[in-house]
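Asks:
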Amino acid sequence: MTSPIDLRWMDRALDLAERGRYTVSPNPMVGAVVLRSGRVAGEGFHERAGRSHAEVRALDRAGKRARGGDLYVTLEPCAHFGRTPPCTDAILSSGVRRVVFAARDPNPLVAGKGVAALRRAGVEVVESDAARRVRAYRQNEKFRLWISKARPFVLAKWAQTLDGKIAPARGSSRWITGEAARERALLLREEYDAVLVGAGTVLADDPLLTRRLRRNRVTRHRRIVLDGRLRVSPSARVFRPPEDALLVTARGGESAAARRFSARGIPLWSLPAKSGRVRVPRLLSRLAREGVTSLLVEGGGETLWEFFRAGCVDRVAVFVAGRILGGRRAAAAVAGSGFALGAAARLKDLEVEPVGADFLVTGRL
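Once you know that position 133 of the sequence shown is 160 in my numbering, the rest is easy, because the numbers rise by one and skip nothing.
1) In whole angstroms, what is the alpha-carbon distance linking GLN166 and ALA44?
2) Starting from GLY227, follow the beta strand (DSSP E) in both directions and report where the run begins and ends.
3) Span of the alpha helix (DSSP H) holding TYR164?
4) Going by beta-carbon coordinates alone, are ALA130 and THR111 separated by less than 8 Å?
5) Once DSSP output is grouped into helix, strand and coil, what is the label at TRP202?
6) Over the uninterrupted alpha helix (DSSP H) stretch that includes LYS140, give me the two end residues.
7) Compare the C-alpha of PHE180 against each of GLY191, ALA221, ALA212 and name the closest.
8) My output table needs one value for ALA93: the three-state DSSP class, helix, strand or coil.
9) With DSSP run on the structure shown, which of helix, strand or coil describes ALA284?
10) Taking the alpha helix (DSSP H) that GLU329 falls in, what are its first and last residues?
11) Starting from the C-beta of ALA68, find all residues in its chain whose C-beta is less than 7 Å away, skip the five residues before and the five after it, and write them out in chain order.
12) Enumerate in chain order the residues of its own chain whose CB-to-CB distance from VAL152 is below 6 Å, with the five nearest sequence positions on each side excluded.
13) Secondary structure at GLU317, three-state DSSP: helix, strand or coil?
14) Go through its chain and collect everything with a Cβ distance to GLY327's Cβ below 8 Å, but skip five positions before and after it.
15) Hey, ASP116 and THR29: beta-carbon distance below 8 Å or not?
16) With DSSP collapsed to three states, give me the class of PRO308.
17) Tell me the rounded alpha-carbon separation between ILE118 and LEU86.
18) Work out the CA separation of ARG160 and SER302 for me, nearest whole Å.
19) So does the segment 365-378 actually touch the segment 211-218, counting three or more Cβ pairs closer than 8 Å?
20) Between ALA138, ARG39, ALA283, LEU172, which has its C-alpha nearest ARG396's C-alpha?
21) Helix, strand or coil: which one does DSSP assign to ILE351?
22) Near ASP38, which residues of its chain fall below 8 Å by C-beta distance, leaving aside the five closest residues on each side in sequence?
23) Please confirm whether TRP202 and ALA360 have their CB atoms less than 8 Å apart.
24) Report yes if the CB atom of SER321 is closer than 8 Å to the CB atom of LYS169, and no otherwise.
25) Is the beta carbon of LEU235 sitting closer than 8 Å to the one on ARG211?
26) Got a sec, what are the start and stop residues for the alpha helix (DSSP H) ASP220 sits in?
27) If you draw a straight line from the alpha carbon of GLY353 to that of ARG84, how long is it in whole angstroms?
Here it is as C-alpha cells:
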C-alpha cells in the first residue's frame, strides 16, 4: 500500500524524469528519489543512453544516508547488464529497505525481473497507485510502443484553420498559426527521433525539417522524405547536409533517378510498394530496426492519410488557428479517399491547450 507521503515523492520522481525528455532516446525517461527519515537524501534522473540510470545517480548522491531509507523510482529497476550494470545491484548494495515504483518495464529483459530480484533479497517492493502508473505510462509511451510493437511511436502533427484547411485554394499561406504555436511545433522535433514529410510538401515548401531550438544536441535526428515516385530534387534543402537525411521510395535503387541521389551521398531506401506508394508498416519496421523509437509525421495530406489508413498513427497534435478559410479546393490536413463514418479514426483522452492566440488539440488513437 502507498501512503500520501509515497505519492508526494513519486510525483517528485516523475517530475525529475521529465528532465530527460529530449535526450534519453532510445531509453525511457526515469526519475528517482532517496528518502531517509522524511528528508531527501539524494535525487537523480536518466540523462542519456549510456550514462548512469536514475536510481544509481540518486543513490550515489545519497551515499551512506541511503541505508535504511526508501527509494522512489518511476520505472521498475533493471536487473540485467546492458550499457550499464544492473540497477538492482546498486540498490542492494546501498542498504535501501524499501522501493516504491510507478510502472513496470515493458522490456522483456527487465519486465518483472527487477522486482523479483529485490524481493528475493528481502527488500520491500511496492507498486504505486493507478494515477501515477498512468502518468508513468504516458511519459514513456514512445518507448513502450517501440518495445512492444517493434515499430516507432507515430505522432501526426499539422496546423489548420477552424474549418480544417491547411492552405488556401489559390496561392500559398506560409503560416496559419502564430509564433507561439510554431515554436511549440518545433519543440516536438526536439524529442522525436525522426521527422517525415511527403514529396508534395518538399515540392511546395522546400522545408529544412531541422531542430532549431537547441533543446536536444545529443540524439540523432533523421529527416525523412517519403517519395514513392522520386519526384523531389536532390538539391532540396532537406537533404543538406545529407548524412541524417533519408529518402524512401518505391523506385528501384539502381534506377537513373535513384542514382542522382546516391551521387550526392543521400541515403535512399527502396521499399516494397503498392500502386506506387511505399507500404507504411514496412517502413516503420525498418526504422525500428535502425533504432528509431519515435516518428513525427508533419504531412502533407496524402502522406498523413497513408499513415492513418495503415492504422499506424498513435497520437495526433493539431494546432488550430481561429480563422475560417473556406474554399472547396482548399487543402485539407488529411487527404486520400477517406474513411466511412463508422470506420473513422477515433481519438481518446482529448486535451485542448491555448498556445498564444491559437489552440493545441492532442489525443491518442
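Built from N, CA and C at the ideal position, the CB exists for glycine as well.
Replies: So, from the listed chains and residues:
1) As a first step, residue 166 is located in the sequence shown; it is residue number 139 there, counting from the start. As a first step, residue 44 is located in the sequence shown; it is residue number 17 there, counting from the start. Each residue's Cα considered, the two are about 9 Å apart.
2) Looking up residue 227 in the sequence shown gives position 200. GLY227 -> not in any beta strand (DSSP E); alpha helix (DSSP H) instead, spanning 226-232.
3) Walking along the sequence shown from the start, residue 164 turns up at place 137. Run containing TYR164: 157-166, per the alpha helix (DSSP H) assignment.
4) Against the sequence shown, residue 130 aligns to sequence position 103. Against the sequence shown, residue 111 aligns to sequence position 84. No, they are not a contact pair.
5) Position 175 of the sequence shown, counted from the first residue, corresponds to residue 202. Of the three classes helix, strand and coil, the one that applies to TRP202 here is coil, per DSSP.
6) As a working note, residue 140 is residue 113 in the sequence shown. Taken as a continuous stretch (DSSP letters only), the alpha helix (DSSP H) holding LYS140 covers 140-147.
7) Looking up residue 180 in the sequence shown gives position 153. Closest option to PHE180, Cα to Cα, is ALA221.
8) Indexing the sequence shown from 1 puts residue 93 at position 66. If DSSP states are grouped into helix, strand and coil, ALA93 belongs with the helices.
9) For the purposes of this step, residue 284 is taken as residue 257 along the sequence shown, with counting starting at 1. Helix at ALA284.
10) Position 302 of the sequence shown, counted from the start, is the residue given in the question as residue 329. Segment 328-336, the alpha helix (DSSP H) holding GLU329.
11) Here the question's residue 68 lines up with position 41 in the sequence shown. Closer than 7 Å at Cβ, skipping near neighbours: VAL61, LEU62, ALA89, ARG92, ALA93, GLY96.
12) Along the sequence shown, read from residue 1 onward, the residue named residue 152 stands at position 125. Hits under 6 Å: VAL126, VAL142, LEU145, ARG146.
13) The count along the sequence shown starts at 1 and reaches residue 317 at position 290. In the structure shown, GLU317 sits in coil (DSSP, three-state: anything other than H, G, I, E or B).
14) The count along the sequence shown starts at 1 and reaches residue 327 at position 300. Its chain contains ILE193, VAL224, GLY225, GLY227, THR228, ALA231, ALA358, ALA362 as the residues whose beta carbon lies nearer than 8 Å to that of GLY327, once the 5 sequence neighbours on both sides are disregarded; these appear in chain order.
15) In the sequence shown, residue 116 corresponds to position 89, counting from 1. In the sequence shown, residue 29 corresponds to position 2, counting from 1. No. Outside cutoff.
16) Start at 1 with the first residue of the sequence shown, and residue 308 comes out as number 281. In this structure, PRO308 counts as helix in the three-state DSSP scheme.
17) The residue given as residue 118 occupies position 91 in the sequence shown. The residue given as residue 86 occupies position 59 in the sequence shown. Approximately 8 Å, taken between the alpha carbons.
18) Residue numbering aside, residue 302 sits at position 275 when the sequence shown is read from its first letter. Residue numbering aside, residue 160 sits at position 133 when the sequence shown is read from its first letter. Roughly 44 Å separates the two Cα atoms.
19) no
20) There is no way to answer for residue 396, as the model of the chain reaches only from 28 to 392.
21) Position 324 of the sequence shown, counting from 1, holds the residue named residue 351. Reduced to three states, the DSSP call for ILE351 is coil.
22) Along the sequence shown, one-based indexing puts residue 38 at 11. Taken in chain order, the residues that qualify are ARG159.
23) Numbered from 1 along the sequence shown, position 175 holds the residue referred to as residue 202. Numbered from 1 along the sequence shown, position 333 holds the residue referred to as residue 360. Taking 8 Å as the cut-off, the beta carbon of TRP202 is found no closer than this to the beta carbon of ALA360.
24) The residue labelled residue 321 in the question sits at position 294 within the sequence shown. The residue labelled residue 169 in the question sits at position 142 within the sequence shown. At a Cβ-Cβ threshold of 8 Å, SER321 and LYS169 count as neighbours.
25) Taking the sequence shown and counting its residues from 1, one reaches residue 235 at position 208. Taking the sequence shown and counting its residues from 1, one reaches residue 211 at position 184. No, the Cβ-Cβ distance between LEU235 and ARG211 is not below 8 Å.
26) Locating residue 220 in the sequence shown gives position 193, counting from the first residue. ASP220: not part of any alpha helix (DSSP H); DSSP gives it neither H nor E.
27) Here residue 353 refers to the residue found at position 326 of the sequence shown. Here residue 84 refers to the residue found at position 57 of the sequence shown. Taking the straight line from one Cα to the other gives about 55 Å.
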